[in-house]
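Trainee: In the working numbering, the protein residues as written are 921 to 1145. The structure that follows is given in the form of C-alpha cells.
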Ligand SMILES: [Zn+2]
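What follows is the structure, given as C-alpha cells:
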C-alpha cells in the first residue's frame, strides 16, 4: 500500500518557525519525512511570540526553502485564523490564498492542510475541498493506527507530548508487517524548546528508524492514494 509496505509513519508540524529547521535536520538524519504546515501571510521574523520562555519566530521564505527542503509543505491558513470565526468569503480568502501563495512561492502543487487551532466546521471542509486540498489534520488524538475515511478532518494518532507516545510506538513496531497501519504524529517544533525535550523526538526517531516494514513518507505520500 505504501511502496509495497503496509505500515507508514508520518509527521505534521505547524507554523514555520525557526525550530522547524532543527526538527527537519533530525528527521533527515533518521530518514523520516514530515509535512510542515505554513502561513504564507506571515513569512517574516516580525511575527513572533513566546512559548514557556522559548522564542517562536516565523522564518522568512528563503530560510524555509533551504531548511525544509525534501519535506512536504502544506496550508495552515494565510494568517493563522480560526476558520470557525470567519464568514464563507473570509474562509475562502484564508485557505485559497494560502494554497495559491505556497504553490507560487515554492513552485510545487500543494495537497494538504492542518487546521489552525485545530478549529473547523462543515463550511471549512467544503471550502477546502473546493480548491483541491485532499486532506486536513485536526488536533484530536485517536491513539490508533486505523485508516480513516474522512481525510478533510483527519485525526492524528497523537501529539509528540502524549504520554502514550512510546507505548504506541512499541505497539506499532510489534504489529505484523501485513497489517495496514498509519502512525501519525503532530506538534509544534517550538514546544521542544519550551518544554526542553528535544531528546523526546530524537529518541522516538531513533526507535522508529531503519525498519524494513515501515514506509517513511510525507502526509500526502501516506494519506492520498
Ligand atoms: Zn498553528
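For glycine and all other residues, C-beta sits at the position ideal for the given N, C-alpha and C.
Residue 951 and residue 1104: beta carbons closer than 8 Å?
Mentor: The answer is no: Cβ separation not under 8 Å.
Trainee: Would residue 1073 be called buried (16 or more neighbouring beta carbons within 10 Å of its own) or exposed?
Mentor: By the 10 Å Cβ count, residue 1073 comes out buried.
Trainee: Quick one: give me the first and last residue of the beta strand (DSSP E) that residue 1004 is part of.
Mentor: Element bounds for residue 1004: n/a, residue is neither H nor E.
Trainee: May I ask you to list the residues that DSSP assigns as paired with residue 1056?
Mentor: Partner(s): 1033.
Trainee: Give the straight-line distance between the Cα atoms of residue 986 and residue 1138, rounded to the nearest whole angstrom.
Mentor: Each residue's alpha carbon lies about 18 Å from the other.
Trainee: Excluding the 5 residues preceding and the 5 following residue 1133 in the sequence, name in chain order all residues of the same chain whose CB lies nearer than 8 Å to its CB.
Mentor: Correct list, in chain order: 925, 926, 927 and 1097.
Trainee: Return the CA-CA distance between residue 1115 and residue 969, expressed in angstroms with no decimal places.
Mentor: Between residue 1115 and residue 969, the C-alpha separation is close to 15 Å.
Trainee: Is the separation between the beta-carbon of residue 994 and that of residue 1033 shorter than 8 Å?
Mentor: Yes. Within cutoff.
Trainee: What residues sit near ligand 1, counting only those whose C-beta is closer than 6 Å to one of its heavy atoms, in chain order?
Mentor: Here the list is 934, 935, 996, 1000 and 1036.
Trainee: Tell me which residue opens and which closes the beta strand (DSSP E) that residue 958 is part of.
Mentor: Looking at the DSSP string, the run of the beta strand (DSSP E) that includes residue 958 is 954-958.
Trainee: Pull up the distance between the alpha-carbon of residue 1171 and that of residue 1084, whole angstroms please.
Mentor: The question about residue 1171 has no answer, for the chain in this structure spans 921 to 1145.
Trainee: Taking the straight line between their C-alpha atoms, what separation do you get for residue 1053 and residue 1012?
Mentor: Those two C-alpha atoms are separated by around 12 Å.
Trainee: Going by beta carbon distance, what residues of the same chain come within less than 7 Å of residue 1164, once the five residues before and after it are set aside?
Mentor: The structure shown does not extend to residue 1164, since the chain spans only 921 to 1145, so no value can be given for it.
Trainee: Could you pull the start and end residues of the beta strand (DSSP E) that residue 1136 belongs to?
Mentor: First-last of the beta strand (DSSP E) with residue 1136: 1134-1136.
Trainee: So what does residue 1104 bridge to, in DSSP terms?
Mentor: Per DSSP, 930.
Trainee: Between which two residues does the beta strand (DSSP E) carrying residue 1168 extend?
Mentor: Only positions 921 to 1145 of the chain appear in the structure, and residue 1168 is not among them; the question remains open.
Trainee: Could you pull the DSSP bridge partners for residue 1079 from this structure?
Mentor: Paired residue(s): 1106.
Trainee: Can you name the start and end residues of the alpha helix (DSSP H) that residue 1047 belongs to?
Mentor: It spans 1042-1050 - the alpha helix (DSSP H) in which residue 1047 sits, taken as one unbroken run.
Trainee: Compare the C-alpha of residue 955 against each of 982, 979, 967 and 991 and name the closest.
Mentor: Measuring from the Cα of residue 955, the nearest candidate turns out to be 991.
Trainee: Taking residue 1142 as the reference, give the member of 947, 1055, 934 and 1095 with the closest Cα.
Mentor: Among 947, 1055, 934 and 1095, the Cα nearest to that of residue 1142 is on 1055.
Trainee: Determine the extent of the alpha helix (DSSP H) in which residue 1125 is found, giving its start and end residues.
Mentor: Its alpha helix (DSSP H) spans residues 1118-1128.
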